[in-house]
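In what follows, a structure is listed as structure tokens, so that the remarks can point back to it.
Numbering (the UniProt record's numbering), first residue to last: 1 to 470.
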């Protein structure tokens, strides 16, 4: 943003950004120096990622020194390699995993891409000889134009512009384009998608298979070392506790005991080899004391106890959930009608707008009363122990903030949007919908890693494009 070509108003002199870059690169160099000291020279230079990082660091330091010495920028395509330092750290292991999997799956994908380009080259030659005689057809005037035009047609970006001059000359030319679209767009592109999916799935399965086998071998080896000669098929808690002091040093003795009892499926007081093989899956488990189901207001007496008991019974009724869901559905229907009326009549500043505003206040008030009754009836910890309740509370709190903001004549149209977010609660009504939403949250971290990889690719090609075309 501050280097040439910089964002208008953010440009700084070359010596400033070159000095900042050198300082950051020096920190990277210090990190690599400590890594060499820790790993040793031989292990460090056998680690491919560290070697690549060292080479990139050396080139970028030389380039920064040149910029600092010349006091002017030059052709700096190496800036596209800066994400290397971002990827190679502990917090971006998900990004590294995605990039590694992409690189491992490249051979079959490149084979399919070569096949696609081969067929496209054949059609380019055919298109050039078929349509070059048409003077008004600039899409097939040369071999290069023919290939580029069909490549763009593959993306359907200029569909049907590329066909019109040839089709205007002869309707039989449509056979050529129909054949191209069927073979490339509907067959080869879908086949490439299938190859990508199959390759990624196979690599993922192979990786987890190897990991599972590696873990089983490690468990078998550890089991043989932990058992005694008197009981070679049973592992006692004392030896299991000694193992956990090294594997999970932060675990308390109670955590290790509960983990041992979890693995002891046969309730014999000892672990067999088959039970011990599950230690990797069970070790991430966490335990906390189970609270007694005693409501917070049970120590009260008289009228307060009766009032709070009644509120608790009210919020626990299934009919209460039905009423809340009906109100949420009515809120969604009202928003559709409200949006249609605003689009059709533009009721800004009219009595209709006042009605819409009061209806918004009514819905937000209902949600506020609902949250308040549940907090009182269930208790603070019980209410906020549910993710759905935390979600409802956050949406309601934001909606209240939006209403307060509107009273100070600040436009906050997001109140309506925030009310619409409550519609997601209707996913609770059907198990299949809950499963879909739960699956989405499970795979969301992987989606985030893929999205960051896309951003890195955009940055990489964006820097190259700036240097070549600016």
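Where a beta carbon is used, it is the ideal one built from N, C-alpha and C, also for glycine.
Following the continuous alpha helix (DSSP H) through residue i, name the residue where it begins and the one where it ends.
i           : result
residue 186 : Unbroken run through residue 186: none, as it is neither H nor E.
residue 17  : 14–39
residue 388 : 387–407
residue 455 : 431–469
residue 107 : 106–131
residue 139 : Counting along the chain, residue 139 falls outside any alpha helix (DSSP H), and DSSP gives it neither H nor E.
residue 301 : No alpha helix (DSSP H) holds residue 301; DSSP gives it neither H nor E.
residue 278 : Element bounds for residue 278: n/a, residue is neither H nor E.
residue 77  : Taken as a continuous stretch (DSSP letters only), residue 77 belongs to no alpha helix (DSSP H), as it is neither H nor E.
residue 479 : No statement about residue 479 is possible, as the shown extent of the chain runs from 1 to 470 and does not include it.
residue 169 : 164–169
Pull the bridge partners of residue i from the DSSP assignment, please.
i           : result
residue 271 : 235
Among the residues of its own chain, which have a CB less than 7 Å from the CB of residue i, if the five just before and after it don't count?
i           : result
residue 31  : none
residue 127 : 140, 146, 150 and 176
residue 421 : 395
residue 28  : 57 and 85
Can you tell me which of the three DSSP states residue i falls into?
i           : result
residue 71  : coil
residue 228 : coil
residue 246 : helix
residue 88  : coil
residue 321 : helix
residue 134 : coil
residue 11  : coil
residue 379 : coil
residue 427 : helix
residue 365 : helix
residue 370 : helix
residue 3   : coil
residue 174 : helix
residue 288 : coil
residue 296 : coil
residue 347 : At residue 347, the pLDDT of 48 sits below 50, so the modelled position is not reliable and the matter cannot be decided from this model.
residue 313 : helix
residue 47  : coil
residue 266 : coil
residue 160 : coil
residue 283 : coil
For residue i, which of the options has the nearest alpha-carbon?
i           : options            : result
residue 448 : 91, 187 and 70     : 91
residue 246 : 233, 222 and 236   : 222
residue 252 : 227, 288 and 234   : 288
residue 59  : 180, 34, 44 and 79 : 79
Among residues of its own chain, excluding the 5 on either side of residue i, which ones have a beta-carbon nearer than 8 Å to its beta-carbon?
i           : result
residue 320 : 314
residue 327 : 363 and 366
residue 466 : 5
residue 143 : 124, 125 and 128
residue 227 : 233, 234, 235 and 239
Excluding sequence positions up to five away, which residues of its chain have a Cβ less than 6 Å from the Cβ of residue i?
i           : result
residue 262 : 282
residue 393 : 371
residue 163 : 177
residue 518 : This structure leaves residue 518 out entirely; the chain is present only between 1 and 470.
residue 4   : 73
residue 94  : 449
residue 469 : none
residue 136 : 165
residue 173 : 166 and 167
When the cut-off is 8 Å and only beta carbons count, does residue i lie next to chain D?
i          : result
residue 28 : You won't find chain D in this structure, because it holds only one protein chain.
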